[in-house]
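Undergrad:
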Amino acid sequence: MSKYTMATNSHDLNNGQARFTVFGVGGGGGNAVEHMVQQGVKGVTFVCANTDKQALDRLTADNKLQLGANTNRGLGAGANPEVGREAAEQEEESIRKLLEDSDMVFITAGMGGGTGTGAAPVVARIAKEMEILTVGVVTTPFKFEGGKRIKAAKAGIDQLSNFVDSIITIPNDKLLKVYGNISMQDAFKKADDVLMHAVQGIAQTISSEGVINIDFNDIRTAMTAKGHAMMGIGRASGEDRARQATEKAIRSPLLDNLLLENAKGLIVNVVSSESVTLDELNQITEVVNDITDIEDANIFIGTVIDEKLGEDLHVTVIATGLTLDESQDERKPMLSANSNQTVDPSVHTSAFNSHQKAAQSQAYPAQAPAGSSSAPQQPAATKTNSIQDYLKRQQNR
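According to my numbering, the stretch in the sequence shown is residues 76 to 472, in order.
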């Protein structure tokens, strides 16, 4: 049996359409690709690569590559990223063949194990050498998986970040915090949906003819900002549909520890029937402006008319060049994705904007714990325009 299977590519390379590839590496990456295949996503080339032949054989993607077939005998990487890296390097020629003619590739993997952690950076390096626009979409381990696996995941993400243009990181621990009691299988599907929506959102944005068009090179300009990225799609109808759809687009509960104030690239695409008004477009930009502070960013706004949507309005938001809001790890537990609970700003001060935080710090200086000696007052908190902060402020209006 051949160590890889490859579908025949019959696409016209000069038809003016961008060509997308989703490249799943390892078990987690393969499962993410399989989710998209089963959901019937079209217009994308799917590739799965793994050192575990049994796991690879269970997948239905057209293009499959067994990594390290001559050395690992299809038995996996044994949670050793070095084995995964070497296995991918042995198949560099095959990887290049699978990436041929791609304009943009999404590399997806579960970080912390052997194949995904070690091989995904190799695939990204090859894609970069081929001058393909590259986005990484990865998950990190649960805390209960242990410190060694978490450390390996961090090292793998650091290596991957050297080669991708943007990276989306989904911490598996947030599946517990956000979705609680749903089954593990359904929780992982929520994470896989992030990849699917990212691919669909970008493909729709550049393939649809609009009143104001966003083309592939606009996407390239925004996505090459380096750093973390977030992508979301919101849908709404009825009164206030523009604001509601935009808030849904920016509310990705698995990605809500990202600071939008320092975004380097921002893409907003609006799809609706001809019923969309100038006032609604203004509402959409107001929501985006309320959570960003970006004077030097590359900003692209597009509108597409689709009469099939009727009264529905769809908003896709893509923000790139983001940094993590690490202070959120020190805050109170986040609300569930489905929670309607009002946030108490005296407890969750992240609900304040920067001016409110300054006023709060002046009106209520931090008090030292009882029995402790006086110490120099800490500087006021810096502005943290994260997605969650914006939504909390909306709840307190």
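Note that beta-carbon positions come from the ideal geometry of N, C-alpha and C, so glycine has one too.
#1: Across which residues does DSSP place SER241 in a beta bridge pair?
#2: Apart from the five residues just before and just after GLN92, which ones in its own chain have a Cβ nearer than 7 Å to its Cβ?
#3: Give a yes or no on contact between the segment 244-264 and the segment 198-210, applying the rule of three or more CB pairs nearer than 8 Å.
#4: Specify whether the segment 181-197 and the segment 228-244 touch according to this definition: at least 3 beta carbon pairs, one from each stretch, less than 8 Å apart.
#5: State the Cα-Cα distance for the pair VAL379 and GLN165, rounded to the nearest angstrom.
#6: Rounded to the nearest angstrom, what separates LEU334 and ALA372 at their Cα positions?
#7: Spatial neighbours of SER241 within its chain, please: CB distance less than 6 Å, with the 5 preceding and 5 following residues excluded, ordered by chain position.
#8: Between the C-alpha atoms of ASP290 and THR280, what's the straight-line distance to the nearest angstrom?
#9: I believe VAL122 touches ASN106 by the beta-carbon criterion, under 8 Å. Please report the beta-carbon distance rounded to the nearest angstrom.
#10: Can you round the beta-carbon distance between ILE393 and ILE366 to whole angstroms, since I take them to be within the 8 Å contact cut?
#11: Looking only at C-alpha atoms, which of LEU341, SER348, ASN357 sits nearest to THR391?
#12: Can you grab the Cα-Cα spacing for the pair ARG318 / VAL362, in whole Å?
#13: Do you know how far the Cα of PRO246 is from the Cα of THR215?
#14: Comparing C-alpha positions only, which one of MET306, LEU173, VAL213 sits nearest to SER327?
#15: Would the beta-carbon of GLY143 fall within 7 Å of that of ALA162?
#16: Whole angstroms is fine: what's the gap from SER411's alpha carbon to ARG148's?
#17: Flag this pair as yes or no: are the beta carbons of VAL97 and VAL112 separated by less than 7 Å?
#18: Between the beta-carbon of ILE308 and the beta-carbon of GLY285, is there less than 7 Å?
#19: Report the three-state DSSP secondary structure of LYS407 (helix, strand or coil).
#20: Give me the residue from ILE287, LYS383, ALA124, ALA154 with the minimum Cα distance to LYS172.
#21: By the DSSP assignment, the beta strand (DSSP E) with THR299 in it spans what residues?
#22: Restricting to Cα atoms, I'd like to know which of LEU384, VAL108, ASP387, SER177 is closest to ALA184.
#23: Closest to ILE294 by C-alpha separation, out of ALA311, ALA273, ARG310, would be which residue?
#24: Return helix, strand or coil for ALA93, following the three-state DSSP convention.
#25: What does the alpha-carbon distance come out to for the pair GLU382 and GLN260?
#26: Tell me whether VAL390 sits in a helix, a strand or coil according to DSSP, three-state version.
#27: Could you pull out every residue in the same chain whose Cβ sits closer than 6 Å to the Cβ of ALA300, ignoring the five residues on either side in sequence?
#28: Taking LYS223 as part of the alpha helix (DSSP H), name the residues at either end of that continuous run.
#29: Out of THR146, PHE95, PHE181, state which residue places its alpha-carbon closest to the alpha-carbon of GLY104.
#30: Between which two residues does the beta strand (DSSP E) harbouring MET179 extend?
#31: Figure out for me which residue from LEU208, GLU167, SER348, ALA152 has the closest Cα to the Cα of ASP176.
#32: Assuming ALA152 and THR126 are in contact, meaning their beta carbons sit under 8 Å apart, how far apart are those beta carbons, in whole angstroms?
TA: If we stick to the structure as given:
#1: VAL210
#2: SER282
#3: no
#4: yes
#5: 45 Å
#6: 14 Å
#7: VAL210, MET298, ALA304, THR395
#8: 8 Å
#9: With 8 Å as the limit, VAL122 and ASN106 do not qualify as a contact, their Cβ atoms being about 14 Å apart.
#10: The pair is not a contact, with the Cβ atoms about 14 Å apart (cut-off 8 Å).
#11: LEU341
#12: 7 Å
#13: 5 Å
#14: MET306
#15: yes
#16: For SER411, the pLDDT reaches just 40, beneath the cut-off of 50, and the residue's location in the model is therefore unreliable, although a value from the coordinates is still provided. Near 44 Å, if we compare the C-alpha coordinates of ARG148 and SER411.
#17: no
#18: no
#19: Residue placement at LYS407 is poorly supported in this model, since its pLDDT is 42, which falls under 50; the coordinates still yield a value, given next. The answer is coil: DSSP assigns LYS407 none of H, G, I, E or B.
#20: ALA124
#21: Element bounds for THR299: n/a, residue is neither H nor E.
#22: VAL108
#23: ALA273
#24: coil
#25: 36 Å
#26: strand
#27: LYS339, GLY340, THR395, GLY396
#28: 222-236
#29: PHE181
#30: 179-185
#31: LEU208
#32: 5 Å
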